[in-house]
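Novice:
2 protein chains.
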Amino acid sequence: MSKRPALARSELEVARIVWRLGRASVRQVLEALPSERNLDFKTVQTYLRRLEAKGYLRTKREGRAKIYLSRVRPAQVVREVIDDLLQRLFGGESIPLFQHLIHDRGLTASEIDRLRGMLDEWEDPKS
Amino acid sequence: MSKRPALARSELEVARIVWRLGRASVRQVLEALPSERNLDFKTVQTYLRRLEAKGYLRTKREGRAKIYLSRVRPAQVVREVIDDLLQRLFGGESIPLFQHLIHDRGLTASEIDRLRGMLDEWEDPKS
DNA sequence: TATCATAGCGTTCAATTGAACGCATTTTGC
DNA sequence: GCAAAATGCGTTCAATTGAACGCTATGATA
Numbered sequence: 208m209s210k211r212p213a214l215a216r217s218e219l220e221v222a223r224i225v226w227r228l229g230r231a232s233v234r235q236v237l238e239a240l241p242s243e244r245n246l247d248f249k250t251v252q253t254y255l256r257r258l259e260a261k262g263y264l265r266t267k268r269e270g271r272a273k274i275y276l277s278r279v280r281p282a283q284v285v286r287e288v289i290d291d292l293l294q295r296l297f298g299g300e301s302i303p304l305f306q307h308l309i310h311d312r313g314l315t316a317s318e319i320d321r322l323r324g325m326l327d328e329w330e331d332p333k334s
Numbered sequence: 208m209s210k211r212p213a214l215a216r217s218e219l220e221v222a223r224i225v226w227r228l229g230r231a232s233v234r235q236v237l238e239a240l241p242s243e244r245n246l247d248f249k250t251v252q253t254y255l256r257r258l259e260a261k262g263y264l265r266t267k268r269e270g271r272a273k274i275y276l277s278r279v280r281p282a283q284v285v286r287e288v289i290d291d292l293l294q295r296l297f298g299g300e301s302i303p304l305f306q307h308l309i310h311d312r313g314l315t316a317s318e319i320d321r322l323r324g325m326l327d328e329w330e331d332p333k334s
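Each protein sequence line maps, in turn, to chains G and D. The first sequence maps to residues 208 to 334 in my numbering. The second sequence maps to residues 208 to 334 in my numbering.
1) Output the boundary residues of the beta strand (DSSP E) element that contains K273 of chain D.
2) Are V288 of chain G and G262 of chain G close, meaning C-beta to C-beta below 9 angstroms?
3) Note the first and the last residue of the continuous alpha helix (DSSP H) segment covering E335 of chain G.
4) Could you check what DSSP says for E269 of chain G in three-state terms: helix, strand or coil?
5) May I ask you to list the residues that DSSP assigns as paired with A282 of chain G?
6) So, does the CB of I274 of chain D fall closer than 9 angstroms to a CB anywhere in chain G?
7) Assign L211 of chain G to one of three DSSP states: helix, strand, or coil.
8) For Y254 of chain D versus V221 of chain D, is the C-beta spacing smaller than 9 angstroms?
9) Taking Cβ positions only, does S337 of chain G come closer than 9 angstroms to chain D?
10) Counting pairs of beta carbons, one from the stretch 243 to 251 of chain D and one from the stretch 319 to 334 of chain G, are three or more of them closer than 8 angstroms?
11) Which value, in whole angstroms, describes the spacing of the CA atoms of L264 of chain G and S232 of chain G?
12) Helix, strand or coil: which one does DSSP assign to L240 of chain D?
13) Please state whether DSSP places I308 of chain G in a helix, a strand or coil.
14) Please list the partners that A282 of chain G has in chain D, where partner means a Cβ-to-Cβ separation under 8 angstroms.
15) So that I know if they touch, is there some Cβ in chain D lying closer than 9 angstroms to that of L240 of chain G?
16) DSSP three-state call for R219 of chain D: helix, strand or coil?
17) At the level of alpha carbons, what is the spacing between R211 of chain G and L258 of chain G?
18) Using a threshold of 9 angstroms, state whether the C-beta atoms of R244 of chain G and R323 of chain D are closer than that.
19) Just to confirm, is the Cβ distance from L308 of chain G to S301 of chain D under 9 angstroms?
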C-alpha cells in the first residue's frame, strides 16, 4: 500500500523512456528524448537519480556506467497516473474521458476499428 | 498561442468544481470538495486566487463576496491537460490510453454499450 | 447599534520540481 | 601512455506548489 511519491511531469517523461528501452544509461535516455526537448545530460541524470530515490527505478552498475531499470511494472505506474488524473479531472469516471477523447480529439477510421476490436475482444476474450 | 501557465494538481481539482457549479464563491467550492479532502478555507482561497492569476478563472464581485467563473472553456483546458499527459505518457498516441482504460481498468457492460454508441455516432453523426 | 462571523488581501513557509554546475574518476581513442 | 570525453556524485538555485496565517473590512443579526 505504501505509495511512492508522485511522479513529477518531467520524471514521467524520462521514466517512460526507460520503460521503452527496458534498460538504459543516462546518455541513452538523453538520446531517446525528443530532440526539441533539449535537456542537459546533467538534468537527465538528476531526474533518473530522483526516480530511483522515489522507488520507480533501480540501478545496476555495469562497468563505468550505471544502468537504470524499472522497479515497478510500468502498467502499474500508468494506472496510478491515470487514476489520479481521472480523479481530479472527472471525479473518477472514465466515460467522460472517452467522451473527450472521441469528441474533442477525433479518431481516424482505422483507430475506430481498432477500438471496436478492443471492445469486442474485451467482452468476449478470444480463444 | 501564448499559453497560460500549466495547472498544478490541486488547482485542477478546484477549477473543476468551479466549472461544475458554473459560478462559485470560495465557500461554495470548499463545500463542494470531497469531505475527505479537508482543505482549509484559506487554502481554497489561495488556489482560486492563483487560478485567476494564471488566467483560468475570472471574478466578479457580488456584494461582499467574490464570485469565481471560468475564463476559458473547460473543454479547452481538459484538452490541454490530456494532451500533455498523452505526450508524456504515450508519446502523444491516444490508442494506448484506450488500451489501458479498457484492459487494465475494465468496463461494465453498460459502459461498453455507451462507448459503442459513441463510436457509432461519431462515425455517422445522427440527424 | 454593537458584535460576530465571513470574506478579502497580503504573506509566509517548507517541500518539490525543473534545470544545471563542478569536481573527481573512469574510459577510450590516438 | 596520455589527453579528451564520458560518468558519477554531490550541490545549488530559482520557481512552483501545497497548505495555511493574521489582519482588516463588511455585512447580517440580535
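Note that beta-carbon positions come from the ideal geometry of N, C-alpha and C, so glycine has one too. Only a predicted model underlies this, so the values are computations on that prediction, with no experimental measurement involved.
Specialist: Taking the definition as stated:
1) Here residue 273 of chain D corresponds to residue number 66 of the second sequence, with the count starting at 1. Unbroken beta strand (DSSP E) run through K273 of chain D: 272 to 277.
2) Here residue 288 of chain G is taken as the residue at index 81 of the first sequence, counted from 1. Here residue 262 of chain G is taken as the residue at index 55 of the first sequence, counted from 1. No, Cβ-Cβ distance for V288 of chain G and G262 of chain G is not below 9 angstroms.
3) Absent from the structure is residue 335 of chain G, since the part of chain G shown begins at 208 and ends at 334.
4) Your numbering for residue 269 of chain G matches position 62 in the first sequence. It is a strand residue.
5) Walking along the first sequence from the start, residue 282 of chain G turns up at place 75. DSSP lists no partner for A282 of chain G.
6) Looking up residue 274 of chain D in the second sequence gives position 67. Residue-level contact check: I274 of chain D does not touch chain G, since none of the beta carbons of chain G fall below 9 angstroms from its beta carbon.
7) Position 4 of the first sequence holds residue 211 of chain G. Going by the sequence as given, residue 211 of chain G is Arg instead of Leu. In the structure shown, R211 of chain G sits in coil (DSSP, three-state: anything other than H, G, I, E or B).
8) As a position in the second sequence, residue 254 of chain D is number 47, starting the count at 1. As a position in the second sequence, residue 221 of chain D is number 14, starting the count at 1. A contact, by the Cβ cut-off of 9 angstroms.
9) As displayed, chain G neither begins before 208 nor continues past 334, which places residue 337 of chain G out of reach and without an answer.
10) Judged by Cβ distances under 8 angstroms, the stretch 243 to 251 of chain D makes no contact with the stretch 319 to 334 of chain G, as fewer than three pairs qualify.
11) Your numbering for residue 264 of chain G matches position 57 in the first sequence. Your numbering for residue 232 of chain G matches position 25 in the first sequence. One C-alpha to the other measures close to 12 angstroms.
12) By 1-based counting over the second sequence, the position of residue 240 of chain D is 33. DSSP, read as helix, strand or coil, puts L240 of chain D in coil.
13) Counting from one through the first sequence, the residue named residue 308 of chain G turns up at place 101. Just to set this straight, residue 308 of chain G is Leu in the shown sequence, not Ile. Three-state DSSP puts L308 of chain G in a helix.
14) Mapped onto the first sequence, residue 282 of chain G falls at position 75. Here the neighbours are H307, D311.
15) On the first sequence, position 33 is the one that residue 240 of chain G refers to. L240 of chain G does not count as touching chain D.
16) Within the second sequence, residue 219 of chain D is the residue found at index 12, counting from 1. It is worth fixing the name first, because residue 219 of chain D is Leu in this sequence and not Arg. Reduced to three states, the DSSP call for L219 of chain D is helix.
17) Translated into positions along the first sequence, residue 211 of chain G becomes position 4. Translated into positions along the first sequence, residue 258 of chain G becomes position 51. Annotation: R211 of chain G to L258 of chain G spans about 10 angstroms, alpha carbon to alpha carbon.
18) Numbered from its first residue, the first sequence carries residue 244 of chain G at position 37. Numbered from its first residue, the second sequence carries residue 323 of chain D at position 116. Result no, Cβ atoms of R244 of chain G and R323 of chain D do not sit closer than 9 angstroms.
19) Here residue 308 of chain G corresponds to residue number 101 of the first sequence, with the count starting at 1. Here residue 301 of chain D corresponds to residue number 94 of the second sequence, with the count starting at 1. Yes, these two residues count as a Cβ contact at 9 angstroms.
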